[in-house]
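Visitor: Numbering (full-length UniProt numbering), first residue to last: 1 to 166. For each residue, glycine too, the CB sits at the ideal point set by N, CA and C. I have a structure I would like to understand better, so I am pasting it below and will then ask my questions one at a time.
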């Protein structure tokens, strides 16, 4: 880990900063299919839901500034899927390529392995070279490609899925 950064579990007090990071992507990109900004209250509820499910939600800070976050959510609700999760990683705008995403992702994967999860799945709106590179750097392999399954900003979008066995 970078000696100037701090990695810890997210708290409700982080919700506004997390929402601010996420909302940039919601309003300006196709990397998420969400189309309306999320409030700090909505993000706090999402955070609570993830943590109540026994899953990690991590934040990365540098000198007290929240740079990014990573969390896992249940892949599906049926009990046979209980060892599989979907992962999410977001960084503040313009911080890609500095190792922060890898730092967050590797910490998340470590926590998931410690908790007994077997499979981690990452969904990526395509094209998205940076996200593909991050997933593959962390040991994920592409397992699926769905054509034109999302529609945002007046365009049809593909989604690929990358998987890692822990």
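If residue 121 sits next to residue 132, beta carbons under 8 Å apart, how far is it from one beta carbon to the other, in whole angstroms?
Guide: Contact flag wrong, Cβ pair sits at about 14 Å.
Visitor: Is the beta carbon of residue 55 less than 8 Å from the beta carbon of residue 69?
Guide: For the pair residue 55 and residue 69, the CB atoms are not nearer than the 8 Å cut-off.
Visitor: With DSSP collapsed to three states, give me the class of residue 155.
Guide: The DSSP-derived three-state label of residue 155 is strand.
Visitor: Secondary structure at residue 24, three-state DSSP: helix, strand or coil?
Guide: helix
Visitor: Excluding five sequence neighbours on each side, which residues of the same chain lie with their C-beta closer than 7 Å to the C-beta of residue 30?
Guide: 125, 152, 153, 157
Visitor: Where do the N-terminal and C-terminal ends of the beta strand (DSSP E) with residue 46 fall, by residue?
Guide: No beta strand (DSSP E) contains residue 46, which is instead part of the alpha helix (DSSP H) from 40-52.
Visitor: May I ask you to report which of helix, strand or coil DSSP gives residue 136?
Guide: Looking at residue 136 - three-state DSSP - the assignment turns out to be helix.
Visitor: By how many angstroms is the C-alpha of residue 137 removed from the C-alpha of residue 143?
Guide: 15 Å
Visitor: Verify whether the separation of the beta carbon atoms of residue 47 and residue 10 is less than 8 Å.
Guide: yes
Visitor: Please state whether the Cβ-Cβ distance between residue 119 and residue 83 is less than 8 Å.
Guide: yes
Visitor: Please classify residue 105: is it buried, with 16 or more other beta-carbons within 10 angstroms of its beta-carbon, or exposed?
Guide: buried
Visitor: Quick one: what's got a C-beta closer than 7 Å to residue 40's C-beta in the same chain, skipping five residues either side?
Guide: Taking C-beta separations shorter than 7 Å and ignoring five residues to either side along the sequence, the partners of residue 40 in its chain run 15, 16, 19, following chain order.
Visitor: Which class does residue 91 belong to by DSSP, given the choice of helix, strand or coil?
Guide: strand
Visitor: Provide the residue span of the beta strand (DSSP E) that contains residue 71, from first to last.
Guide: 65-74
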